[in-house]
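Residues in the sequence shown are numbered from 39 upward in steps of one, following the numbering used here.
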Amino acid sequence: MKVRLPQGMGGNPGNMNSMIKQAQKMQDDMATLQAELDTREYNISAGGGMVKITILGTKEVTKFEISPALLGEDEVEDLQDILVAAVNEAIKTVESTNQQELSKLTGNISMPGLF
39 MKVRLPQGMG
49 GNPGNMNSMI
59 KQAQKMQDDM
69 ATLQAELDTR
79 EYNISAGGGM
89 VKITILGTKE
99 VTKFEISPAL
109 LGEDEVEDLQ
119 DILVAAVNEA
129 IKTVESTNQQ
139 ELSKLTGNIS
149 MPGLF
């Protein structure tokens with residue numbers, strides 16, 4: 039009894055080599071893209087532009103800019119809340135962009151936990 043394998047899944051070693059080469063190319067392309075995404079810089083503002091944050095694709099915050107209008111004693115709690123919002127928005131932006139870029143490369147194949 040012969041078992042019929044899906045096309046490209048047996049019999050012809052050339053197909054397997056081709057699949058391996060394609061997988062290696064995708065892996066290389068993903069590594070290149072991830073390196074590019076890691077070096078991207080995102081500028082995000084919160085609180086109506088009163089707080090600005092710069093974050094890298096590695097999710098490393100590199101800069102905060104705070105409007106002098108927030109520096110009064112009464113605004114400390116507001117400033118803390120806005121900083122939290124700015125950091126969270128920056129991280130969401132980085133993750134969303136990374137996911138979009140990687141899905142272009144992988145053809146929307148789900149790869150949970152990859153990046």
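No residue lacks a Cβ here, since even glycine has one placed at the ideal position from N, Cα and C.
Check	Outcome
Nearest to S141 by alpha carbon, out of N53, Q72, Q62 and N55?	Q72
Three or more beta-carbon pairs under 8 Å between the stretch 83-98 and the stretch 116-135, yes or no?	yes
Taking A92 as part of the alpha helix (DSSP H), name the residues at either end of that continuous run.	For the record, residue 92 in the displayed sequence is Thr; it is not Ala. From DSSP, T92 is part of no alpha helix (DSSP H) but of the beta strand (DSSP E) over V89 to L94.
Quick check on V114: buried or exposed, where buried means 16 or more other Cβ atoms within 10 Å of its Cβ?	exposed
So, with DSSP's three-state summary, where would you put K59?	helix
To the nearest angstrom, report how far apart L109 and A61 are at their CA atoms.	53 Å
Quick check on the DSSP output: the beta strand (DSSP E) that includes E79 runs from which residue to which?	E79 to A84
Taking the C-alpha atoms as reference points, what is the distance between L75 and Q65?	15 Å
Taking the CB atoms as reference points, tell me whether G95 and R78 lie closer together than 7 Å.	yes
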